[in-house]
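Report on the following structure.
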Amino acid sequence: MTVRGGVVDIWKLRDDLRTIRERADTVQATAESEDGLVSATVGSRGRLLHLDLDVRIFRAPDSRALAATISETLGRAREKAGKDLAALAAEVFATPPPAGRVPRPDPLPSEDRELTRSVLHLREGMAAVRSVAESPDGLIHAAVDERGSLTELRLDPRVYRGTDPRPLAEAIIETLRQAAERTQEQLFELLKPFLPVGVRREETDLGFDPLIHRLDRTLERGRHHG
C-alpha cells in the first residue's frame, strides 16, 4: 500500500487488490506428515486441492490417528499458503504507483464511523459461521470455520475396509469441499451489503471483492465531488 504525505493512495490500493485477487490462484503449498504417509496441497484460500495417502496407512489401522495426521498436515499446508500469499501481496504493494497520479484522501470521518460499525457487526456474524459435511456412506465427517479451516475431521474405522488409499483421499477432499461450500454460502449472504447488486456467488471472491467494491464506491464518490 502506498502512503504519500499521510494520504492513502486509494487508487493504487484498489488496483493492487485486484492484481492480488487475479494472481492468488497461482499460490499453492504442500506439506507432508512427519511419517511421510500424508501429503496435502492447498490453494491460496486454503482449499484442499490434493491429498495423497500412502498405502502404508493400512498396515496399522487407526482412524483417529489418521484423521489427526491429516488435520495437522493440512493446517501446515494452509500456513505455508498464507505466507506465500502474504509475500505476493507485499510484492504487489511495493510496486510504485503510476507517475503523476494524485492520491485520493480517505473517506470522511462520518463514512469511517459507519463503516466501522458495519464491519464490527459483520465480524460477529462471520465468526459464528460453521459448516459440516458428511460423506454419502457416513464414514467421513468434516467441520470448518468461517475461513474454511478444518476444525474437525472424523473417520469411521470402516474406512480401512479397502486396500487402495486413493478413493479414501478423494472422498475426504469432496467432503471438505462440501463443508467449505456451505461456509461460502453463509458468508455470501452476510457480505451481500458489501458487494455489487446482483453479483453471483460463484463469481465472487469473498476474500477480496467486498473491499474492492467499497474502494470502487469511494473513488466514484470522489469523482462526483471532485
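With the working numbering, letter number 42 in the sequence shown gets 57, and the count goes up by one each step, no holes. Ideal placement from N, C-alpha and C gives every residue a C-beta, glycine not left out. Remember, predicted model here, so these are calculated numbers, not experimental data.
Note to self: Helix, strand or coil, according to DSSP, for K27 in the structure here?
What the structure shows: In the sequence shown, counting from the first residue as 1, residue 27 sits at position 12. Here K27 sits in helix by DSSP.
Next item on the list: Would you kindly report the start and end of the unbroken alpha helix (DSSP H) that includes R79?
Entry: Here the question's residue 79 lines up with position 64 in the sequence shown. Where R79 is concerned, the enclosing alpha helix (DSSP H) stretches over 78 to 109.
Item checked: Span separating the alpha-carbon of L168 from that of V53 -> As a first step, residue 168 must be located in the sequence shown, where it is residue number 153. As a first step, residue 53 must be located in the sequence shown, where it is residue number 38. The alpha-carbon atoms of L168 and V53 are separated by roughly 14 Å.
Checklist line | Among E106, L66, P76, the one whose alpha carbon lies nearest that of T178 | finding: Within the sequence shown, residue 178 is the residue found at index 163, counting from 1. With distances taken between Cα atoms, T178 lies closest to P76.
Next item on the list: Please name the residue or residues paired with A194 in a DSSP beta bridge.
Entry: To locate residue 194, count along the sequence shown from 1; it is residue 179. According to DSSP, A194 bridges with nothing at all.
Check: Would G61 pass as a contact of A109 if the rule is Cβ separation under 8 Å?
Finding: By one-based count along the sequence shown, residue 61 stands at place 46. By one-based count along the sequence shown, residue 109 stands at place 94. It is not a contact, given that the beta carbons lie outside the stated cut-off.
Notebook entry, point to check: Between F82 and P111, what straight-line distance do the alpha-carbon atoms span, to the nearest angstrom?
Noted result: Counting from one through the sequence shown, the residue named residue 82 turns up at place 67. Counting from one through the sequence shown, the residue named residue 111 turns up at place 96. Sequence inspection shows Ala at residue 82; the Phe mentioned does not correspond to that position. Their Cα atoms are separated by approximately 46 Å.
Item checked: Identified DSSP bridge partners for S54 -> As a first step, residue 54 must be located in the sequence shown, where it is residue number 39. Paired residue(s): E47, D67.
Item checked: Limits of the beta strand (DSSP E) - the one that R166 falls within -> In the sequence shown, residue 166 corresponds to position 151, counting from 1. It is worth fixing the name first, because residue 166 is Thr in this sequence and not Arg. 165 to 170 is the extent of the beta strand (DSSP E) around T166.
Check: In the structure shown, what three-state DSSP assignment does V147 receive?
Finding: Position 132 of the sequence shown, counted from the start, is the residue given in the question as residue 147. It is a strand residue.
Margin query: In the DSSP output, what is H156 paired with across the bridge?
Written below: For the purposes of this step, residue 156 is identified with residue 141 of the sequence shown, where counting begins at 1. In DSSP, H156 forms a bridge with E149, R169.
Check: Would you say the segment 195 to 204 touches the segment 159 to 168, given that touching needs at least three Cβ pairs under 8 Å?
Finding: yes
Margin query: Tell me the rounded alpha-carbon separation between L63 and Q43.
Written below: Start at 1 with the first residue of the sequence shown, and residue 63 comes out as number 48. Start at 1 with the first residue of the sequence shown, and residue 43 comes out as number 28. Cα to Cα, the separation comes out at about 10 Å.
Item checked: Check whether H228 and L205 have beta carbons under 8 Å apart -> In the sequence shown, residue 228 corresponds to position 213, counting from 1. In the sequence shown, residue 205 corresponds to position 190, counting from 1. No; because the gap between Cβ atoms is not below 8 Å, this pair is not in contact.
Item checked: Distance between L226 and P208 (C-alpha atoms, nearest Å) -> Indexing the sequence shown from 1 puts residue 208 at position 193. Indexing the sequence shown from 1 puts residue 226 at position 211. Each residue's Cα considered, the two are about 11 Å apart.
Note to self: Can you give me the C-alpha to C-alpha distance between D24 and D152, rounded to a whole angstrom?
What the structure shows: Along the sequence shown, read from residue 1 onward, the residue named residue 24 stands at position 9. Along the sequence shown, read from residue 1 onward, the residue named residue 152 stands at position 137. Each residue's Cα considered, the two are about 53 Å apart.
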